[in-house]
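Undergrad: Please see the structure below; I have some questions.
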Amino acid sequence: MRTKFDGWPNVIYSQQFSRRWIEQQFLPLTDEMERIFRRGGCDLLKGKGMISFFYEPSTRTRASHEVAMRRLGGDVIFSTENAREFSSAKKGETFEHTIKVLCRYGPNVIVIRYDHEIGAEFAAKVSNVPIINAGDRAPGQHPTQELLDLRTIFKHRGEIDGLNIAMVGDLLNGRTVRSLSYLLGKYKKVTIYYVSPGPLMMKDDVKEYLRRHGVLVKELTDLREVASKVDVIYQTRTQGECGAVFDRRNQELGYFMVNREILDLMRKDAIIMHPLPCVDEITREVDDDPRAVYLTLQIDSGTFARMALLKMILAPKA
Ligand code: CP
């Protein structure tokens, strides 16, 4: 099996990005992409084609990759979601054949969300064009989400070193919190509070990685204990599709809601993030609080981060 595209320009895992690359190349380019977006786009990727192939539902990841491609002048030459239903996967076609066939249609990049772990890594091995991991199944990763989350924190705070962050909810199945943890392992004096019920705690592989990289990790079951200490509350959805069952109203398990009580405890300069979709883990009154960035800055960072990645992959010298 070929391994030509194991690393960059594939985007597979958060660990593949260095701090130097993030700070010296990626983040400045997201600002340039924001300027291009605000003035209506450009033709930097004219003649380039993207396929987005999603085995799981998506709003943000698929839409923002497609918007990013089009705003840079490229084409989305084919796109589907729920590929288990709407592609020949339903008839039993293998993932390997699907990727090899998609490559024959001449894309310059394939954005893939697979419904099993290491889907993107496998796709990169059989593809002859770069693969972007749009999220693979738990305990997988979602590296583009975490680049955009890092950009969101950076825009708000100006730096990542010294960050105190609470990641809340279903940390066992959430791919975003895994990828974000790996990225934060590249920074200094970071403290991560993992706030989750016992059965949904962060896996040991991530915690061991963080300890090796000098990140202070604390685990607890009551968000109220740390809400006043942190710069970021990163709330997550319970991944019911992975079999997680978690009634947040049952306070015997702990306290995992973001609501009025948490807003009152939080610092004025802290922010609330969520990769979305959000179901009931944040009460609606929080949406309008200026510290809630999951419907504003975080979404915008998604577009600019994906524009930056597509530009780096498809027109690195332009
Ligand atoms: N954050 C995220 O991955 O959202 P979607 O599932 O809507 O793409």
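Okay, so the sequence shown: first residue is 30 according to the working numbering, each after it adds one.
Backbone N, C-alpha and C fix where the C-beta goes; we use that ideal spot for every residue, glycine too.
None of the values given here were measured: they were computed from a predicted structure.
Give every residue of the same chain whose Cβ lies closer than 7 Å to the Cβ of Gln45, excluding the five residues on either side of it in the sequence, and list them in chain order.
TA: Result list for Gln45: Gly36, Trp37, in chain order.
Undergrad: Could you tell me whether the segment 315-331 touches the segment 272-283, where touching means 3 or more Cβ pairs closer than 8 Å?
TA: Contact fails: fewer than three Cβ-Cβ distances are below 8 Å.
Undergrad: Below 8 Å, how does it come out for the segment 298-316 and the segment 54-71: are there three or more Cβ pairs, yes or no?
TA: With the cut-off at 8 Å, the segment 298-316 and the segment 54-71 do not touch.
Undergrad: How should Lys75 be labelled, buried or exposed, when 16 other C-beta atoms within 10 angstroms of its C-beta is the threshold for buried?
TA: It counts as exposed.
Undergrad: State yes or no: is the C-beta of Val287 within less than 9 Å of the C-beta of Leu249?
TA: Cβ distance not < 9 Å, so Val287 and Leu249 don't count as in contact.
Undergrad: Would you mind working out which of Ile128, Thr88, Gly135 sits nearest Ile106, comparing C-alpha positions?
TA: Ranking the options by Cα distance to Ile106, first place goes to Gly135.
Undergrad: Near Glu95, which residues of its chain fall below 7 Å by C-beta distance, leaving aside the five closest residues on each side in sequence?
TA: Around Glu95: Ser81, Val105, Ser108.
Undergrad: From this set, Thr220, Leu305, Arg180, Ser208, which residue's C-alpha is nearest Gln53's C-alpha?
TA: Comparing Cα-Cα distances from Gln53 to each of Thr220, Leu305, Arg180, Ser208, the minimum goes to Arg180.
Undergrad: Determine which residues share a DSSP beta bridge with Tyr223 and list them.
TA: BP columns for Tyr223 point to Met196, Glu248.
Undergrad: Considering just the uninterrupted stretch of the beta strand (DSSP E) at Thr109, what are its terminal residues?
TA: It spans 104-109 - the beta strand (DSSP E) in which Thr109 sits, taken as one unbroken run.
Undergrad: Do you know whose CA, among Tyr284, Val244, Cys271, lies nearest Ala256's CA?
TA: Here the closest residue by C-alpha is Tyr284.
Undergrad: Run through DSSP, which three-state label would Phe46 get?
TA: Of the three classes helix, strand and coil, the one that applies to Phe46 here is coil, per DSSP.
Undergrad: At 3 residues or longer, and completely inside the segment 160-204: list those beta strand (DSSP E) runs for me, N to C.
TA: If we require 3 residues or more, the beta strand (DSSP E) runs fully inside the segment 160-204 come out as 160-162, 193-197.
Undergrad: Per the DSSP calculation, Arg341 is bridged to which residue(s)?
TA: Here the sequence assigns Met to residue 341, which means Arg is not the residue at that position. Paired residue(s): none; Met341 is not in a bridge.
Undergrad: Residues in the same chain with beta-carbon distance under 7 Å from Phe275, minus the five sequence neighbours each way, listed in chain order, please.
TA: If we look at Phe275 and ignore the five residues flanking it on each side, its Cβ neighbours are Asp199, Pro226, Leu229, Thr267.
Undergrad: For Lys340 and Leu177, which I take to be in contact (beta-carbon distance under 8 Å), what is that distance rounded to the nearest angstrom?
TA: Not quite, the Cβ-Cβ distance comes to about 15 Å (not below 8 Å), so this is no contact.
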